[in-house]
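Each remark here refers to the structure printed beneath this line.
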Amino acid sequence: MFNLILFGPPGSGKGTQSEKLIAKYGLKHLSTGDLLRSEIASQTPLGLEAKNFMDKGQLVPDEVVIGMISSALDNNPEANGFLFDGFPRTEAQAEALDKLLKLKKTAIHLLLALDVSEEELVKRLLGRGKTSGRSDDTNEEVIRARIVEYHKKTSPVADYYAKFDKVKHVKGEGTIDEIFEALCEQVEMKKK
Ligand code: AMP
Numbered sequence: 058m059f060n061l062i063l064f065g066p067p068g069s070g071k072g073t074q075s076e077k078l079i080a081k082y083g084l085k086h087l088s089t090g091d092l093l094r095s096e097i098a099s100q101t102p103l104g105l106e107a108k109n110f111m112d113k114g115q116l117v118p119d120e121v122v123i124g125m126i127s128s129a130l131d132n133n134p135e136a137n138g139f140l141f142d143g144f145p146r147t148e149a150q151a152e153a154l155d156k157l158l159k160l161k162k163t164a165i166h167l168l169l170a171l172d173v174s175e176e177e178l179v180k181r182l183l184g185r186g187k188t189s190g191r192s193d194d195t196n197e198e199v200i201r202a203r204i205v206e207y208h209k210k211t212s213p214v215a216d217y218y219a220k221f222d223k224v225k226h227v228k229g230e231g232t233i234d235e236i237f238e239a240l241c242e243q244v245e246m247k248k249k
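Here you go:
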């Protein structure tokens, strides 16, 4: 089993690169953002609660996303490995994930962090907002709030995994293929 976290601020290209990585390495893609948006689309109580936070650019409470990931792990017993995209986003989520994986006799092997400048992030997210249908991408204030949340609560997650020597940084600017190649290089080194 190979378990990977694709890490980086909103707009760093996690979704795009995740699709390519899962295809190449046969991993199961777990994106908490996608899971939450599907709960909203189905108008479940969880979705309705989450929407209030997402519309403001704030993180959804830890227990909500940890519960979703726990069910997703249980529902995919045959997976060769998981690619976590947009999760964990707080240190509490990282600790919970480690415990859940330990129960399944596995662990996180690598966290790949995509580094992108803030101005480039805002530009990309506003561009994406024109076509993605995501309301949190159309309002610059909400975009900036998401980036503030990232610096305050999410960037410590990389420090948490760095303590276990599991973090590699990759430049998230360039062509999609160049970035993908740099990510694959790190995966191959870790898999050796
Ligand atoms: P994303 O699609 O990853 O950009 O996530 C969109 C929004 O969903 C975020 O701005 C948060 O409000 C919420 N969200 C997604 N993943 C998480 C998570 N792991 N923890 C808390 N909130 C999350």
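The opening position of the sequence shown corresponds to residue 58 in the working numbering, with each subsequent residue numbered one higher. The C-beta atom is built at its ideal place from N, Cα and C for all residues, glycine as well.
Are the beta-carbon atoms of LEU140 and HIS226 separated by less than 8 angstroms?
Between LEU140 and HIS226, the C-beta spacing is not below 8 angstroms.
For ILE62, which of helix, strand or coil comes out of DSSP?
strand
Among all the DSSP beta bridges, which residues are the ones paired with VAL224?
LEU168, per the DSSP bridge assignment.
Using three-state DSSP, classify LYS85 as helix, strand or coil.
strand
Taking its Cβ as the centre, do 16 or more other Cβ atoms sit within 10 Å of ILE165, making it buried, or is it exposed?
So ILE165 ends up on the buried side.
Assuming the contact rule is C-beta atoms closer than 8 angstroms, VAL173 and GLY229 should be a hit. Round their C-beta distance to whole Å, please.
4 angstroms
Would you give the residue range spanned by the beta strand (DSSP E) that ASP142 belongs to?
Here the beta strand (DSSP E) through ASP142 covers 139-142.
Find out if the Cβ-Cβ distance for the pair ILE126, LEU167 is shorter than 8 angstroms.
no
For the region 67-87 and the region 140-152, state whether three or more C-beta atom pairs, one from each stretch, are separated by less than 8 angstroms.
Under the 8 angstroms Cβ criterion, the region 67-87 counts as touching the region 140-152, having at least three qualifying pairs.
Taking only beta-carbon atoms, is GLY138 less than 8 angstroms away from chain B?
Given the protein chain composition of this structure (a single chain), no chain B is represented.
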